[in-house]
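K.L.:
Protein chains in written order, with our numbering: chain A, 1 to 108; chain B, 1 to 108.
Protein chains: 2
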Amino acid sequence: MIKVSVMYPYAAGARFDHAYYREKHMPMVKQRLGAACLYYTVDKGIANGVWGSASLYVAKCDFICTSVEAYEAALGPHVQEIRADIAHYTDIKPVLQTSEMVVERSEV
Amino acid sequence: MIKVSVMYPYAAGARFDHAYYREKHMPMVKQRLGAACLYYTVDKGIANGVWGSASLYVAKCDFICTSVEAYEAALGPHVQEIRADIAHYTDIKPVLQTSEMVVERSEV
């Protein structure tokens, strides 16, 4: 399985509507992805984190998917709609990371 | 719950021993964290990802933990050991992101 991470770089004073992102945008994208996406996760950056570390990303999500091709095929027809929806919660341009999920969840 | 993400920025030609990271380093850190960490995940960056996107991180992990304080308290005594172990698999200096886990795993 693969993990598609969409990450919004932190910028001081930048707008980010976490509630809209979590309650409206993410479920909408999940619906468009359909069976290509098994589930997603959503994170909110903590400004003063472990050992005082700065927040690199104000928010981010992971889409756990069957393959890169399935993700692209499912989302392709909806890219315009999804990009238009981003403006509802932020002006920050996200960055993308595609990964192979090596350990989905460790045991014990 | 919080998510502590440790991410290794991609650098062309840089050494990264994914097997050591997955089989030796991560279980060792998990053992040191003890009850402060519920589980972890491990990802391996895909060089040519979704829509041809570059790999920002050659590898990364998430530690899902009870709190920032619990993570710091558990790992504090072992920081030297953990940093020394990093050299076994890479020379890349990781970056840290601390997040509040807003959606651990979406349903349906």
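Each residue gets a CB set at the ideal place from its N, CA and C atoms; glycine is no exception.
When burial is assigned at 16 or more other CB atoms within 10 Å of the CB, is residue 45 (chain B) buried or exposed?
P.N.:
Label assigned to residue 45 (chain B): buried.
K.L.:
Taking the beta carbon of residue 25 (chain B) as the centre, do at least 16 other beta carbons fall within 10 Å, making it buried, or is it exposed?
P.N.:
buried
K.L.:
Would DSSP call residue 81 (chain B) helix, strand or coil?
P.N.:
helix
K.L.:
Taking the C-alpha atoms as reference points, what is the distance between residue 50 (chain A) and residue 84 (chain A)?
P.N.:
Near 34 Å, if we compare the C-alpha coordinates of residue 84 (chain A) and residue 50 (chain A).
K.L.:
Starting from residue 41 (chain B), find everything on chain A with Cβ-Cβ shorter than 8 Å and list it in chain order.
P.N.:
101, 103, 104, 105 and 106
K.L.:
Any contact of the stretch 75 to 93 of chain A with the stretch 30 to 37 of chain A, i.e. 3+ C-beta pairs under 8 Å?
P.N.:
yes
K.L.:
What residue range is occupied by the uninterrupted beta strand (DSSP E) comprising residue 160 (chain A)?
P.N.:
Since the displayed chain A opens at 1 and closes at 108, residue 160 (chain A) lies outside it and no answer follows.
K.L.:
Under 8 Å Cβ-Cβ, which residues of chain B neighbour residue 67 (chain A)?
P.N.:
Under the 8 Å cutoff, chain B gives no residues; its nearest Cβ is about 10 Å from residue 67 (chain A).
K.L.:
Starting from residue 60 (chain A), follow its DSSP beta bridges and name the residues at the other end.
P.N.:
A:7 and A:43
K.L.:
CB-CB under 6 Å to residue 99 (chain B), same chain, minus the five flanking residues each way: which ones, in chain order?
P.N.:
3
K.L.:
Would you kindly report the start and end of the unbroken alpha helix (DSSP H) that includes residue 29 (chain B)?
P.N.:
26 to 33
K.L.:
DSSP state of residue 2 (chain B), grouped into three classes?
P.N.:
In the structure shown, the three-state DSSP call for residue 2 (chain B) is strand.
K.L.:
Taking residue 21 (chain B) as the reference, give the member of B:88, B:103 and B:94 with the closest Cα.
P.N.:
B:88
K.L.:
Can you pull the chain B neighbours of residue 34 (chain A), defined as C-beta to C-beta under 9 Å?
P.N.:
Within chain B, no residue comes near residue 34 (chain A); the closest Cβ sits about 11 Å away, beyond 9 Å.
K.L.:
My assumption, with CB atoms under 8 Å, is that residue 92 (chain A) sits in contact with residue 9 (chain A). Please give the rounded CB distance.
P.N.:
Yes, residue 92 (chain A) and residue 9 (chain A) are in contact; Cβ-Cβ is about 6 Å, under 8 Å.
K.L.:
For residue 59 (chain B), collect the residues of the same chain with a Cβ closer than 7 Å to its Cβ; drop the 5 residues on either side in sequence, then sort them by chain order.
P.N.:
8, 16, 18, 21, 43, 44 and 45
K.L.:
Could you name the residues of chain B that residue 80 (chain A) contacts, counting a contact when the two beta carbons are closer than 8 Å?
P.N.:
Correct list: empty, because the minimum Cβ distance to chain B is about 14 Å.
K.L.:
Identify which residue in A:95, A:11 and A:48 has its Cα closest to the Cα of residue 52 (chain B).
P.N.:
Cα-wise, what sits closest to residue 52 (chain B) is A:95.
K.L.:
Where does residue 23 (chain B) fall in DSSP's three states?
P.N.:
helix
K.L.:
On the criterion of 16 or more Cβ atoms from any shown chain inside 10 Å, does residue 5 (chain A) qualify as buried, or is it exposed?
P.N.:
buried
K.L.:
Just how far apart, CA to CA, sit residue 67 (chain B) and residue 66 (chain A)?
P.N.:
31 Å
K.L.:
To the nearest angstrom, report how far apart residue 72 (chain B) and residue 37 (chain B) are at their CA atoms.
P.N.:
Their Cα atoms are separated by approximately 11 Å.
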